[in-house]
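Read through the structure below, which is laid out as C-alpha cells, and then see the notes.
Residue numbers (the numbering used here), protein chains in the order written: chain U, 1 to 112; chain D, 113 to 226.
Following this line, the structure appears as C-alpha cells:
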C-alpha cells in the first residue's frame, strides 16, 4: 500500500509568520508531488507542484522535495488569515503520473 | 478556466436506490477521476478513466460503477445505495497523461443515504 502521511494539525501560526507543512511518502518511485488547498466546505484547489529535488518558489509559497528522504514540504511565507485551510499533499503512484494518492491533510490556522 | 461541473451539490437518497452522479468538464481533458472524501479518511479513489470508454478501478470500487461514453462526461453509479456510501463525492479531471498535470476538482456532491 502506497501511503502518504501528514500531521493532521491543527497547526496554528500568527499572522505574518512562516507556516511549514510536511508530507512523507512510502513509494520510492514516485515522481511528481502536488499541494492542494481546501477551504472548509469547498473542494481542493491546486497550489503548486514539484518534481525535482530542491526548492520551488511561487509567490509566498515554496515547495521543497527530498526524494532520498521521501519528504516534501510546503512553506507559506507572510501567512495571512485567508491561508487558514486544510493542505493536502498528493503523490503520483503510476507510470503515467496521473493516479495520485492523497495524504489526510494538515489543517492550518493563521491567527490575526 | 477549466470547469468541472457536478450536477448536484446535495443529494438525499434511500437505501437500495440506484444513484447517478454526473460530472462534466469543458476543457477537453483526457483524464477523469471520482473520489470520495470522509473525515479522518481523506480522499480515496473510486474509479478513474484515461480515455473514452476506458475505466479503471481505484482503491474502493466496491458498490460503484462508472460510465464514460463521451470525453467530457464521467458518471459514477451507486448500484444499490447503502448508508455507508454517505459521503462527499468529488470529481476531478486533468489534461493528459504525464507527471506534470494536476487535478481540477468539481465543487462536490454531498450524498446522504437514509
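Backbone N, C-alpha and C define an ideal beta-carbon position, used for all residues, glycine too.
Per DSSP, the unbroken beta strand (DSSP E) holding residue 221 (chain D) starts and ends at 221-225. Annotation: residue 106 (chain U) to residue 223 (chain D) spans about 24 Å, alpha carbon to alpha carbon. What residue 122 (chain D) touches in chain U, judged by beta-carbon distance under 8 Å, is nothing: the nearest beta carbon there is about 12 Å away.
Annotation: Cβ neighbours of residue 162 (chain D) in chain U (cutoff 8 Å, chain order): 96 and 98.
Each of U:66, U:22 and U:11 was checked against the Cα of residue 85 (chain U), and the nearest Cα belongs to U:11. Taking 7 Å as the Cβ-Cβ cut-off, the segment 48-69 of chain U approaches chain D at 49 and 51, given in chain order. Counting C-beta atoms within 10 angstroms of its own C-beta, residue 110 (chain U) has 16 or more neighbours from the protein chains shown and is therefore classed as buried. Taken in chain order, the whole beta strand (DSSP E) runs of length 3 or more contained in the segment 140-179 of chain D are 143-150 and 154-161. When rounded, the separation of the alpha-carbon atoms in residue 217 (chain D) and residue 39 (chain U) is 13 Å. When secondary structure is reduced to three states using DSSP, residue 70 (chain U) falls in the coil class, being assigned neither helix nor strand. Per DSSP, residue 29 (chain U) has no beta bridge partner at all.
By the neighbour-count criterion, in which 16 or more other beta carbons inside 10 Å mark a residue as buried, residue 68 (chain U) falls on the exposed side.
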